[in-house]
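*Asks:*
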Amino acid sequence: MQTSKKHATSPGVYLYHQPVEGIDPYTSYQILQSNSCHDVHDCSSSQGTIASFETIKEQYFTLESSPATIGLIGCDSPSYASVSSNRSPFSPQGSQSYNSDQHQSSNNTYGSPISVYSSADDDYELKHKLRELEISLLGPESDIVDSCHCCFKGDHQGGSPIDKYNWVHIVEMIPKLDLKEVLVLCARAVSDEDFQTVIGWMDNVLVKMVSVAGEPIQRLGAYMLEGLRARLESSGSLIYKALKCEQPTSKDLMTYMHILYQICPYWKFAYISTNVVIGEAMQNEPRIHIIDFQIAQGTQWMLLMQAFACRPGGPPFIRVTGVDDSQSFHARGGGLDIVGKRLSDYAKSCGVPFEFHSAAMCGSEVELKNLVVRPGEALAVNFPYVLHHMPDESVSTENHRDRLLRLVKNLSPKVVTLVEQESNTNTSPFFQRFVETLDYYTAMFESIDVARHRDDKQRISAEQHCVARDIVNMIACEGAERVERHEPFGKWRSRFSMAGFAPYPLSSSVTGAVRNMLNEFNENYRVAHKDDALYLGWKNRPMSTSSAWRCY
1 MQTSKKHATS
11 PGVYLYHQPV
21 EGIDPYTSYQ
31 ILQSNSCHDV
41 HDCSSSQGTI
51 ASFETIKEQY
61 FTLESSPATI
71 GLIGCDSPSY
81 ASVSSNRSPF
91 SPQGSQSYNS
101 DQHQSSNNTY
111 GSPISVYSSA
121 DDDYELKHKL
131 RELEISLLGP
141 ESDIVDSCHC
151 CFKGDHQGGS
161 PIDKYNWVHI
171 VEMIPKLDLK
181 EVLVLCARAV
191 SDEDFQTVIG
201 WMDNVLVKMV
211 SVAGEPIQRL
221 GAYMLEGLRA
231 RLESSGSLIY
241 KALKCEQPTS
251 KDLMTYMHIL
261 YQICPYWKFA
271 YISTNVVIGE
281 AMQNEPRIHI
291 IDFQIAQGTQ
301 WMLLMQAFAC
311 RPGGPPFIRV
321 TGVDDSQSFH
331 ARGGGLDIVG
341 KRLSDYAKSC
351 GVPFEFHSAA
361 MCGSEVELKN
371 LVVRPGEALA
381 VNFPYVLHHM
391 PDESVSTENH
401 RDRLLRLVKN
411 LSPKVVTLVE
421 QESNTNTSPF
431 FQRFVETLDY
441 YTAMFESIDV
451 ARHRDDKQRI
461 SAEQHCVARD
471 IVNMIACEGA
481 ERVERHEPFG
491 KWRSRFSMAG
501 FAPYPLSSSV
511 TGAVRNMLNE
521 FNENYRVAHK
531 DDALYLGWKN
541 RPMSTSSAWR
551 CY
């Protein structure tokens, strides 16, 4: 099972990660009955399924993918508005299944950016705020700020930024400036191709406002500043690739991934929600085939084997097909044969009949012949934070994003699970994509901040090595070089529907298992079941969705 030398997967590092051999106490759960038996219930059971956490020794972690938020201005298709609500599932009336968090700060909520920038009135409000910022710095008589466009209209051909601004005066006012507003101002200038203005603000102001060891917005601002620089220098792809080449060693990478894995619940959310769904769907099946389009270290299936090991009547035969990716290859220090051996050894220790099949290629290269589907096996397909890396019709006529869904549909799976960032960065224009990235990662960095001290050097290294690449890619790169292309759940629902899938109902056991896991994290993480999906959020900001699908 030697991995192919060709790993043409999307460049860059992905934000979240999973353990390799080890399973920490909060992800090592089993799908159990409410008594001591380890049986898997179906969703009609009055008892449902619950999550029990156990500890397994040894911990390793690898990179996976990054989550994000709700829809934004410039939606990906005209049909978007009809399939995705603008209301956050974490708003007071967003979901009946969500109990409001009494600890939430009223001064810091994360609604969808669509609520800020999605209409003409809101766009005017943004321009008005930018104009106020400029007036405070330049005075009301400045001819630089146009009352209609509220963006910089400087001569692109002549003159320098110093001709427009008194940077000494502006620098003195930095303590009074809002870093978010300055970032948005720079993005608007980039969008308007007013390069003199944005370079002036970056070199004189932003560089003095950001810090990788500061507050969450300062840390995020440092990486967004690098993204802006890369975009202006038309070097986004080069910087992104350079960052990839400068990855830490596998040992250091595992350390950074271990940190993020412990303090962020996003991959645990993916494991628990999808495993409960698959466990319920396959409870009476004697032979099970799972195709995982981002197998990484395979830890998720160790968790599921625990549940099936004590099934009344004996465990089923389980076969796992793993699709590889270059980042997991690097983190493992080798090919899928490592994953196959680890899972086989673990299955043997649990008494579970097991077989592993490798598909040593990135997801966009997968064809029917690579999946080895056999008659008599109940099929489950897992897409964990991976489909947003597949180029769609806006990037390539091959449209691997929809091609894979049609391929899977032709396999007649019993259930398909999808976990994705709740965000809209796929086809959004640069400015809207910048605002979306700023909004999402503000929530992300704040969620990290509550778990680790700001001067924690390991946390700083983890953010630099595991988060910065995604931010640079979304801001600096375009076309095929931009591989971080998230879509909101409404768009995924449209894609699955067009491919011939219908929502697979999520039982209350799925929500319950995720809630149990979140008890070990900050109280500002929240979960809500809405529109056939389970949302994981930070405060009022949707970050990830988990959903399941079945063939029509």
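Final position of the sequence shown in the UniProt record's numbering is 552; the numbers increase by one with none missing. Here a beta-carbon is modelled for each residue, glycine too, at the ideal position from N, C-alpha and C.
At the level of alpha carbons, what is the spacing between Met173 and Met209?
*Replies:* Working through the sequence shown from its first residue, we reach residue 173 at position 173. Working through the sequence shown from its first residue, we reach residue 209 at position 209. If I take the Cα positions, the gap works out to 11 Å.
*Asks:* So, helix, strand or coil for Pro384, using DSSP?
*Replies:* Here the question's residue 384 lines up with position 384 in the sequence shown. It is a strand residue.
*Asks:* Around the Cβ of Asn519, are there at least 16 other Cβ atoms within 10 angstroms (buried) or fewer (exposed)?
*Replies:* Position 519 of the sequence shown, counting from 1, holds the residue named residue 519. Exposed.
*Asks:* So, are the CB atoms of Glu487 and His388 less than 8 Å apart?
*Replies:* By 1-based counting over the sequence shown, the position of residue 487 is 487. By 1-based counting over the sequence shown, the position of residue 388 is 388. Contact flag set, yes.
*Asks:* Can you check which of these residues, His169, Val435, Ser358, is closest to Leu343 by C-alpha distance?
*Replies:* Position 343 of the sequence shown holds residue 343. Considering only alpha carbons, the answer is Ser358.
*Asks:* If the criterion is Cβ atoms closer than 8 Å, does the pair Val419 and Ser328 meet it?
*Replies:* Residue numbering aside, residue 419 sits at position 419 when the sequence shown is read from its first letter. Residue numbering aside, residue 328 sits at position 328 when the sequence shown is read from its first letter. Contact: no.
*Asks:* Give the single residue among Ser494, Ile263, Thr197, Val323 whose Cα lies nearest to the Cα of Arg459.
*Replies:* Position 459 of the sequence shown, counted from the start, is the residue given in the question as residue 459. The shortest C-alpha separation from Arg459 is found at Ile263.
*Asks:* Is the Cβ-Cβ distance between Arg311 and Ala378 less than 8 Å?
*Replies:* Position 311 of the sequence shown, counted from the start, is the residue given in the question as residue 311. Position 378 of the sequence shown, counted from the start, is the residue given in the question as residue 378. Cβ distance not < 8 Å, so Arg311 and Ala378 don't count as in contact.
*Asks:* Between which two residues does the alpha helix (DSSP H) harbouring Glu463 extend?
*Replies:* Position 463 of the sequence shown, counting from 1, holds the residue named residue 463. That run of the alpha helix (DSSP H) goes 457–466.
*Asks:* Identify the residues that DSSP records as bridge partners of Ser358: which are they?
*Replies:* As a working mapping, residue 358 is identified with position 358 in the sequence shown. Note: Ser358 sits in a beta bridge opposite Gly322.
*Asks:* Using the three-state DSSP reduction, which class does Gly512 fall into: helix, strand or coil?
*Replies:* As a working mapping, residue 512 is identified with position 512 in the sequence shown. In this structure, Gly512 counts as helix in the three-state DSSP scheme.
*Asks:* For Ile295, which three-state DSSP category applies?
*Replies:* The residue given as residue 295 occupies position 295 in the sequence shown. Residue state, collapsed to three classes: coil.
*Asks:* Near His400, which residues of its chain fall below 7 Å by C-beta distance, leaving aside the five closest residues on each side in sequence?
*Replies:* Within the sequence shown, residue 400 is the residue found at index 400, counting from 1. Excluding residues within five positions, the ones whose Cβ falls inside 7 Å are Ser364, Met390, Pro391.
*Asks:* Of the residues Pro316, Ile291, Gln421, which one's Cα is nearest the Cα of Asn284?
*Replies:* For the purposes of this step, residue 284 is taken as residue 284 along the sequence shown, with counting starting at 1. The shortest Cα separation from Asn284 among Pro316, Ile291, Gln421 belongs to Pro316.
*Asks:* In the DSSP assignment, the beta strand (DSSP E) including Gly537 goes from what residue to what residue?
*Replies:* Numbered from its first residue, the sequence shown carries residue 537 at position 537. Per DSSP, Gly537 belongs to the beta strand (DSSP E) from 533–538.
*Asks:* Give me whichever residues DSSP pairs with Tyr525 in a beta bridge.
*Replies:* Taking the first residue of the sequence shown as 1, we reach residue 525 at position 525. Beta-bridge pairing links Tyr525 to Trp538.
*Asks:* CA-CA distance, Ser427 and Ala499?
*Replies:* Within the sequence shown, the letter at position 427 stands for residue 427. Within the sequence shown, the letter at position 499 stands for residue 499. A small fix is needed here, since residue 427 is Thr in this sequence, not Ser. Roughly 20 Å between the two C-alpha positions.
*Asks:* Give me whichever residues DSSP pairs with Glu487 in a beta bridge.
*Replies:* The sequence position of residue 487 within the sequence shown is 487, counting from 1. Bridge partners of Glu487: none, in fact.
*Asks:* If you draw a straight line from the alpha carbon of Asp178 to that of Val184, how long is it in whole angstroms?
*Replies:* Taking the first residue of the sequence shown as 1, we reach residue 178 at position 178. Taking the first residue of the sequence shown as 1, we reach residue 184 at position 184. Approximately 10 Å, taken between the alpha carbons.
*Asks:* Jot down the residue ranges of each uninterrupted beta strand (DSSP E) in the region 413–461, minimum 3 residues, whole runs only, in chain order.
*Replies:* The region 413–461 contains these whole beta strand (DSSP E) runs: 415–421.
*Asks:* Roughly how many angstroms separate the alpha carbons of Cys350 and Gly314, rounded to a whole number?
*Replies:* Against the sequence shown, residue 350 aligns to sequence position 350. Against the sequence shown, residue 314 aligns to sequence position 314. So the two alpha carbons sit approximately 11 Å from each other.
*Asks:* Please decide whether Leu411 counts as near chain C, where near means a Cβ-Cβ distance under 8 Å.
*Replies:* Absence of chain C from the displayed structure is noted, only one protein chain being present.
*Asks:* Apart from the five residues just before and just after Ser447, which ones in its own chain have a Cβ nearer than 6 Å to its Cβ?
*Replies:* Translated into positions along the sequence shown, residue 447 becomes position 447. Cβ neighbours of Ser447 beyond the five flanking positions: Trp538.
*Asks:* Our contact map puts Leu225 next to Phe195 with C-beta atoms below 8 Å; I'd like the distance itself, whole angstroms only.
*Replies:* The count along the sequence shown starts at 1 and reaches residue 225 at position 225. The count along the sequence shown starts at 1 and reaches residue 195 at position 195. Not confirmed; about 15 Å, so no contact.
*Asks:* So is Val366 buried or exposed if we call it buried at 16+ other beta carbons inside 10 Å?
*Replies:* Taking the sequence shown and counting its residues from 1, one reaches residue 366 at position 366. That one is buried.
*Asks:* Under a Cβ-count criterion, where at least 16 other Cβ atoms within 10 Å of its own Cβ denotes burial, should Leu220 be classed as buried or exposed?
*Replies:* What you label residue 220 is simply residue 220 of the sequence shown in a count that begins at 1. With 16 or more other Cβ atoms within 10 Å, it is buried.
*Asks:* In the DSSP assignment, the alpha helix (DSSP H) including Ala222 goes from what residue to what residue?
*Replies:* Looking up residue 222 in the sequence shown gives position 222. Counting along the chain, the alpha helix (DSSP H) containing Ala222 begins and ends at 216–232.
*Asks:* Inspect the beta-carbon positions of Gln421 and Val212 and report whether they are closer than 8 Å.
*Replies:* Taking the sequence shown and counting its residues from 1, the one referred to as residue 421 is at position 421. Taking the sequence shown and counting its residues from 1, the one referred to as residue 212 is at position 212. Result no, Cβ atoms of Gln421 and Val212 do not sit closer than 8 Å.
*Asks:* Could you tell me the alpha carbon to alpha carbon distance between Leu411 and Ala281, rounded to whole angstroms?
*Replies:* Counted from its first residue, the sequence shown places residue 411 at position 411. Counted from its first residue, the sequence shown places residue 281 at position 281. The straight-line gap from Cα to Cα measures roughly 16 Å.
*Asks:* From the DSSP output, read off the bridge partner residues of Pro391.
*Replies:* Taking the sequence shown and counting its residues from 1, the one referred to as residue 391 is at position 391. Bridge partners of Pro391: none, in fact.
*Asks:* From Phe90, Glu436, Ala451, Gly490, pick the residue whose C-alpha is nearest to that of Ile475; which is it?
*Replies:* For the purposes of this step, residue 475 is taken as the residue at position 475 of the sequence shown. Checking every option, the nearest Cα to that of Ile475 belongs to Glu436.
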